[in-house]
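Participant: Here's a structure for you.
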Amino acid sequence: MPANLGPQYLAAEERYRQAVTDEEKLAALEEMLATIPKHKGTEKMQADIKRRMARLREAMKAGSKGPKRKDFYRIEKEGAGQIVLVGPPNSGKSSVLKATSRAEPEVADYPFTTRMPLCGMAQWENVQLQLIDMPPIAPETSQSWVWAMLRMSDGLLIVLDAGDDDVLDHAENLLAFMEENNVFIKNEGERNFKEKKAICAANKCDLPGAGERIELLREIIGDKLDIVPCSALTGEGLDLVLSKVFFDVLEKIRVYTRPPGKKPDFSQPFILPRGTTVIDAAREVHKEIAETLKYARVWGKDVFDGQMVPRDHVLKDGDVIAFYT
Ligand SMILES: Nc1nc2c(ncn2[C@@H]2O[C@H](COP(=O)(O)OP(=O)(O)OP(=O)(O)O)[C@@H](O)[C@H]2O)c(=O)[nH]1
Ligand SMILES: [Mg+2]
0 MPANLGPQYL AAEERYRQAV TDEEKLAALE EMLATIPKHK GTEKMQADIK
50 RRMARLREAM KAGSKGPKRK DFYRIEKEGA GQIVLVGPPN SGKSSVLKAT
100 SRAEPEVADY PFTTRMPLCG MAQWENVQLQ LIDMPPIAPE TSQSWVWAML
150 RMSDGLLIVL DAGDDDVLDH AENLLAFMEE NNVFIKNEGE RNFKEKKAIC
200 AANKCDLPGA GERIELLREI IGDKLDIVPC SALTGEGLDL VLSKVFFDVL
250 EKIRVYTRPP GKKPDFSQPF ILPRGTTVID AAREVHKEIA ETLKYARVWG
300 KDVFDGQMVP RDHVLKDGDV IAFYT
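All the letters of the sequence shown, read from the start, carry residue numbers 0 to 324 under numbering that gives the first Met the number 0.
Pasting the structure below:
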């Protein structure tokens with residue numbers, strides 16, 4: 000008898016295959032059991048799922064007695080979004096984290112310096128971005144938690160060494176290796192959980208020949224990735240990298256509210272998704288405001304000062320809004 004598995008079951012099964020932690024595996028198995036069609040044709044599969052669940056529960060009970068394995072792959076998100084630094088050995092990932100945050104990662108002139116993830120908050124203007132430094136992406140370091148962290152992030156910052164003659168090969172190998180491990184870069188349209196937004200920091204642009212290599216990179220992988228020259232050593236370009244992380248990778252904007260009779264507080268932006276409308280922003284500020292909103296006035300780039308706008312007006316980065324209820 001054919002099993003006739005539904006889409007919900009198949010999605011749960013895919014989640015099971017991708018699961019890294021025991022908790023994730025158990026949750027996926029529970030959903031598989033709940034959504035599998037219950038008839039004679041699936042009896043064996045049902046028994047198998049139950050067996051796997053029992054085994055997992057046993058393993059989890061046994062594991063909780065001993066010292067706990069560290070959950071690298073679950074760094075709590077903070078700030079405007081979580082960005083994972085990705086790159087070949089020695090490209091300057093740790094140096095980028097060090098130059099943009101208060102974190103103190105180990106930096107060294109030999110490859111495979113970084114072994115564990117380390118996060119830091121990078122400040123760009125009035126926005127905080129969570130950057131996670133990672134071991135280099137290479138067959139030697141290809142462990143499931145590395146890929147899980149890439150997938151769970153809000154986006155990727157690919158760091159390449161523009162001072163290296165082999166940078167093109169490194170870039171192509173990196174992207175191919177990521178795809179082999181089910182992490183795809185997709186900068187347009189809807190994305191599923193395997194597809195990530197990314198930009199590329201062409202680091203070490205202070206070194207001789209970097210300019211030509213960056214041009215080559217743009218020719219070869221420029222349609223896939225925005226290439227932003229920078230130097231963790233001199234600081235050049237880092238601001239632009241972070242602004243592109245905020246606008247293009249995280250796809251966020253900042254808006255400010257103007258309470259009646261007061262000045263807006265520019266140190267406290269509301270960080271909202273690109274495409275946010277006046278009514279979306281009102282909901283974000285206060286539910287009651289959204290319920291009773293009549294109109295709003297906006298000060299910004301695309302409107303004249305204090306222009307009255309309808310509820311479905313799309314906001315731009317830097318807009319100041321006054322809500323009228
Ligand atoms: N000239 C120059 N050197 C840099 C720059 N960024 C990093 N470096 C040097 O490149 C080497 C590697 O830097 P790391 O930051 O440790 O590189 P990584 O990508 O974290 O390396 P792994 O952790 O081994 O993957 C160090 O010697 C750094 O000082 C830069 O912008 N310019
Ligand atoms: Mg490192």
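We treat Cβ as the ideally placed atom computed from N, Cα and C, and that holds for glycine. None of the values given here were measured: they were computed from a predicted structure.
Indicate the three-state DSSP secondary structure (helix, strand or coil) for Arg16 in the structure shown.
Facilitator: Here Arg16 sits in helix by DSSP.
Participant: DSSP three-state call for Phe192: helix, strand or coil?
Facilitator: Of the three classes helix, strand and coil, the one that applies to Phe192 here is coil, per DSSP.
Participant: Closer than 8 Å by C-beta to Cys229: which residues in its own chain qualify, once you throw out the five before and the five after it? Chain order, please.
Facilitator: The residues are Val95, Ala200, Ala201, Asn202, Cys204, Glu235, Gly236, Leu237, Leu239 and Val240.
Participant: To which residues does DSSP link Trp123 through a beta bridge?
Facilitator: For Trp123, which the question treats as bridged, DSSP gives the partners Val126.
Participant: May I have a chain-ordered list of the beta strand (DSSP E) segments no shorter than 3 residues that lie completely inside the segment 188 to 263?
Facilitator: Within the segment 188 to 263, the complete beta strand (DSSP E) runs of at least 3 residues are 197 to 202, 226 to 228 and 251 to 256.
Participant: Would the C-beta of Pro116 count as close to ligand 1, meaning under 8 Å from any of its heavy atoms?
Facilitator: Pro116 Cβ: outside cutoff for every heavy atom of ligand 1.
Participant: Could you spell out where the alpha helix (DSSP H) holding Phe176 opens and where it closes?
Facilitator: Element bounds for Phe176: Val166 to Glu179.
Participant: Under 8 Å by Cβ, that's how I've got Leu249 and Ala79 pegged, so tell me the actual separation to the nearest angstrom.
Facilitator: With a Cβ gap of about 6 Å, Leu249 and Ala79 count as contacting.
Participant: Exposed or buried, Gln142, counting other C-beta atoms within 10 Å across all chains shown (16 or more means buried)?
Facilitator: Gln142 should be labelled exposed.
Participant: With a CB to CB cut of under 8 Å and the five nearest residues on each side skipped, what residues in its chain are close to Lys185?
Facilitator: These residues qualify, in order along the chain: Glu194, Lys195 and Lys196.
Participant: Report the three-state DSSP secondary structure of Gly91 (helix, strand or coil).
Facilitator: The answer is coil: DSSP assigns Gly91 none of H, G, I, E or B.
Participant: Please determine, among Leu4, Asn3, Thr34 and Arg56, the residue with the shortest C-alpha to C-alpha distance to Lys24.
Facilitator: Checking every option, the nearest Cα to that of Lys24 belongs to Arg56.
Participant: DSSP state of Tyr8, grouped into three classes?
Facilitator: Reduced to three states, the DSSP call for Tyr8 is helix.
Participant: Let me know if Lys261 comes out buried or exposed under the rule of 16 or more other beta-carbons within 10 Å of its beta-carbon.
Facilitator: Exposed is the call here.
Participant: Is there contact here, the segment 263 to 282 with the segment 167 to 183, by at least three beta-carbon pairs under 8 Å?
Facilitator: Touching, no, given that fewer than three Cβ pairs across the two stretches are closer than 8 Å.
Participant: Taking its Cβ as the centre, do 16 or more other Cβ atoms sit within 10 Å of Lys251, making it buried, or is it exposed?
Facilitator: Buried, because 16 or more other Cβ atoms sit within 10 Å of the Cβ of Lys251.
Participant: For Met307, report the span of its beta strand (DSSP E) as first-last.
Facilitator: Segment Gln306 to Val308, the beta strand (DSSP E) holding Met307.
Participant: Can you give me the Cβ contacts of Arg101 inside the same chain, cut-off strictly under 8 Å, excluding the 5 residues immediately before and after it?
Facilitator: Excluding positions up to five away in sequence, the list reads Gly119 and Met120.
Participant: Is it buried or exposed for Ala161, if we count other Cβ within 10 angstroms and need 16 for buried?
Facilitator: Per the 10 Å Cβ criterion, buried.
Participant: Could you tell me the distance, in whole angstroms, from the CA atom of Val254 to the CA atom of Gly188?
Facilitator: Cα to Cα, Val254 sits roughly 24 Å from Gly188.
Participant: Give me the residue from Leu130, Tyr72 and Ser90 with the minimum Cα distance to Met151.
Facilitator: Considering only alpha carbons, the answer is Tyr72.
Participant: Between the C-alpha atoms of Trp146 and Pro309, what's the straight-line distance to the nearest angstrom?
Facilitator: Spanning the two alpha carbons is a distance of roughly 44 Å.
Participant: Just how far apart, CA to CA, sit Met59 and Ala53?
Facilitator: Straight-line Cα distance between these residues: approximately 10 Å.
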